[in-house]
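Numbering (my numbering), first residue to last: 132 to 530.
Idealized CB from N, CA, C, for every residue including glycine.
Input: a single structure, listed below in structure tokens.
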Amino acid sequence: MMLFMAINAGSSSLKWQIYDMPSEKRVAKGMIDRLGKQDAIFKASYGEGQKFEQQEPIVSKEKAAALILTRLKSLQIVDRLEDIKGVGHRVVSGGEVFEHSTVITPEVLLQIENLSELAPLHNSIEAYYVSVFAKLLPHSKQVAVFDTSFFTTLAPVNYLYPIETKYYNQYGVRKYGAHGTSHRYVTQRTAEILQKPLDQLNLITLHLGNGASISAIEHGKAIDTSMGFTPLAGLMMGTRSGDVDPSIIPYIMEKEHLQTASQMIKILNNNSGLLGVSGVSNDKRDIDDAAATGNHQAQLAQEMFVNRIVKYVGSYLALLDELPDALVFTAGVGENDQPVRQAVCEQLRHFGVKIDTEKNQVKGQETLVSTPDSTIKVLVVPTNEELMIARDTYNLTQK
Ligand code: ADP
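What follows is the structure in structure tokens.
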């Protein structure tokens with residue numbers, strides 16, 4: 132058996148999946164939530180719908196990783212840990228250094244740590260787990276799959292901010308993007324669905340989840356994306372504002388007597404977006420429920436969410452050299468929320484986009500939801516970042 136793990140580590144959660152390769156069959160998936168706490172939760176699903184869940188103290192990251200491996204054996208998901216040939220780690224920032232996924236050597240690990248400045252909440256934690264898994268699974272290769280590498284194809288005209296060049300030269304201030312693994316996955320998958328060579332494929336990919344971003348893809352490569360120096364930029368999201376006039380920052384700080392800019396950034400990251408406007412929730416389903424009962428703020432949040440999507444799609448339609456082959460909707464909202472897809476596509480009708488209302492009822496399944504005479508196809512393509520991570524890990528370990 133050749134098994135490959137995909138690890139997605141956060142500050143208080145650790146998500147994992149195991150794939151059998153090259154068949155790409157998912158063997159198991161699970162997560163540890165509330166990591167570091169006495170009431171942490173270990174969850175796994177595997178086999179034919181089997182599930183395991185237990186609340187228990189999991190106080191350290193190292194214990195968390197070790198527990199996953201112990202349970203893989205005790206739940207008989209894996210016979211021998213030696214069958215796990217590679218562990219792929221999601222790494223948030225590869226900066227300008229990593230254009231592709233890469234096998235992790237001590238030098239690579241150091242570079243990932245050095246990039247922590249660009250992703251303070253992520254890179255150092257991810258690097259730590261790389262060391263932990265390398266120690267626990269000494270026979271396996273560790274691979275880093277970067278959220279940013281899909282966007283290293285952006286040209287300076289699209290990744291630079293119109294500020295003094297020294298800030299880029301000295302401090303690396305530029306657009307790095309995020310969600311790259313998801314945009315890359317749906318791009319590749321769409322090439323297969325449309326049976327078009329990747330290097331001839333032009334798309335606008337819409338990753339609409341709790342975090343949300345839109346990318347313009349030309350000849351299979353990203354030319355622009357809505358997230359920026361950090362994942363705070365671009366669309367309105369669950370709790371993130373997306374693009375705002377930066378002058379708002381000192382203005383609100385002064386009015387609210389905030390001491391530091393980071394307090395303000397926290398507000399823009401955690402208290403804004405759907406949550407901030409609706410006052411109800413960051414979860415689109417809660418917003419929809421509230422809007423249906425006549426909550427005006429929730430209705431406004433719905434409208435603003437669609438409005439930002441339309442503006443980004445519109446700007447990328449203008450940026451691409453020709454009409455793209457498809458608009459591709461993915462992630463929680465993109466895959467499941469038919470009114471959002473409907474509203475976005477209706478607003479794009481003067482570009483000849485026509486959605487098939489019947490087909491658009493789909494939730495979470497690969498489907499062509501546009502009519503045959505639509506100038507641009509509209510597709511729902513569920514994302515699978517973990518499979519992409521497992522695939523990269525498999526491919527790199529075969530070299
Ligand atoms: P993330 O991975 O960024 O946390 P997801 O891709 O899981 O986010 O997306 C979460 C969002 O998707 C939430 O706003 C949630 O309400 C929305 N969502 C999930 N399922 C549905 C559904 N069936 N209908 C509408 N929205 C949904």
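| Hey, which unbroken runs of the alpha helix (DSSP H) at 4 residues or more fall wholly within the region 348-387? | Runs of the alpha helix (DSSP H) inside the region 348-387: 379-387.
| task | Quick one: measure Cβ to Cβ for Leu-249 and Ser-224, integer angstroms, because I've assumed they're closer than 8 Å. | result | With 8 Å as the limit, Leu-249 and Ser-224 qualify as a contact, their Cβ atoms being about 4 Å apart.
| task | Kindly indicate which residue of Thr-506, Glu-497 and Val-375 has the alpha-carbon position closest to the one of Thr-321. | result | For the options Thr-506, Glu-497 and Val-375, the alpha carbon positioned closest to that of Thr-321 is the one of Glu-497.
| task | Tell me, please, whether the region 208-219 touches the region 259-272 by the rule of three or more beta-carbon pairs shorter than 8 Å. | result | They touch, by the three-pair rule.
| Bounding residues of the beta strand (DSSP E) (the contiguous stretch that carries Asp-151) | It spans 145-151 - the beta strand (DSSP E) in which Asp-151 sits, taken as one unbroken run.
| Among the residues of its own chain, which have a CB less than 7 Å from the CB of Leu-572, if the five just before and after it don't count? | Absent from the model: residue 572. The displayed extent of the chain is 132 to 530, so no value can be given.
| said: Tell me the rounded alpha-carbon separation between Ala-353 and Ser-205. | reply: Cα-Cα distance, rounded: 43 Å.
| said: Since Thr-461 and Thr-514 should fall inside the 8 Å C-beta cutoff, what is the C-beta to C-beta distance between them, to a whole number of angstroms? | reply: The Cβ separation is near 4 Å, so the contact holds.
| query | With distances taken from CA atoms, which of Glu-489, Leu-510, Val-493 and Pro-362 is nearest Leu-499? | reply | Taking each of Glu-489, Leu-510, Val-493 and Pro-362 in turn and checking the Cα distance to Leu-499, the smallest one comes out for Leu-510.
| Does the distance from the CB of Gly-219 to the CB of Val-276 come in under 8 Å? | Val-276 is positioned such that its CB atom lies closer than 8 Å to that of Gly-219.
| query | Regarding Val-101 and the ligand ADP, is the C-beta to nearest heavy atom distance less than 7 Å? | reply | Lying outside 132 to 530, the shown extent of the chain, residue 101 is not represented and no answer is given.
| Can you find a heavy atom of the ligand ADP that lies under 7 Å from the Cβ of Asp-374? | Between the ligand ADP and the CB of Asp-374, the shortest heavy atom gap is not smaller than 7 Å.
| Whether Trp-147 touches Met-133 by CB criterion (8 Å) | The Cβ atoms of Trp-147 and Met-133 do not sit closer than 8 Å to each other.
| message | So, for Pro-455: in the same chain, excluding its five sequence neighbours on each side, which residues have a beta-carbon less than 7 Å away from its beta-carbon? | response | Cβ neighbours of Pro-455 beyond the five flanking positions: Asn-333, Leu-334, Ile-335 and Ile-507.
| message | Once DSSP output is grouped into helix, strand and coil, what is the label at Ser-346? | response | Reduced to three states, the DSSP call for Ser-346 is strand.
| task | May I ask you to report which of helix, strand or coil DSSP gives Gly-445? | result | Residue state for Gly-445 is assigned as helix, using DSSP reduced to three classes.
| request: Could you tell me which uninterrupted beta strand (DSSP E) segments, each at least 3 residues in length, are contained entirely in the region 137-200, listed from first to last along the chain? | output: Runs found: 145-151, 156-164, 171-177 and 181-187.
| said: Beta-carbon within less than 8 Å of Asp-278's beta-carbon, same chain only, minus the 5 sequence neighbours each way: which residues are those? | reply: Hits under 8 Å: Arg-221, Val-222, Val-223, Ser-224, Gly-225, Gly-308, Ala-309, His-310, Gly-311 and Thr-312.
| query | Under the DSSP definition of a beta bridge, which residues are partnered with Gln-273? | reply | Its beta-bridge partners are Val-218.
| So Val-511 is in the beta strand (DSSP E); what residue range does that whole segment cover? | Its beta strand (DSSP E) spans residues 508-511.
| query | Going by the CB atoms, is the gap between Leu-518 and Glu-155 shorter than 8 Å? | reply | Yes; because the gap between Cβ atoms is below 8 Å, this pair is in contact.
| query | Hey, out of Ser-446, Gln-181 and Leu-285, whose CA is closest to Glu-227's CA? | reply | Out of Ser-446, Gln-181 and Leu-285, Leu-285 has the C-alpha closest to the C-alpha of Glu-227.
| said: In whole angstroms, give me the CA-to-CA distance for Glu-516 and Gly-342. | reply: About 14 Å.
| request: Check Val-261 in the structure and name its three-state DSSP category. | output: When secondary structure is reduced to three states using DSSP, Val-261 falls in the helix class.
| At least one CB of chain C closer than 8 Å to the CB of Tyr-260: is that the case? | Absence of chain C from the displayed structure is noted, only one protein chain being present.
| Chain-ordered list of residues that sit, by beta carbon, closer than 6 Å to a heavy atom of the ligand ADP | Cβ atoms closer than 6 Å to the ligand ADP belong to Gly-340, Asn-341, Gly-342, Gly-369, Asp-414, Lys-415, Arg-416, Ala-462, Gly-463, Val-464, Asn-467, Asp-468 and Lys-494.
| query | Per DSSP, Ala-457 forms a beta bridge with which residues? | reply | Answer by DSSP bridge pairing, in chain order: Leu-334 and Lys-508.
| task | Name the one or two DSSP bridge partners that Phe-135 has. | result | Answer by DSSP bridge pairing, in chain order: Tyr-150 and Gly-217.
| query | How should Glu-558 be labelled, buried or exposed, when 16 other C-beta atoms within 10 angstroms of its C-beta is the threshold for buried? | reply | Any answer about residue 558 is impossible in this case: the structure gives the chain only from 132 up to 530.
| Are the region 468-477 and the region 435-444 touching by the rule of at least three beta carbon pairs closer than 8 Å? | A contact exists between the region 468-477 and the region 435-444.
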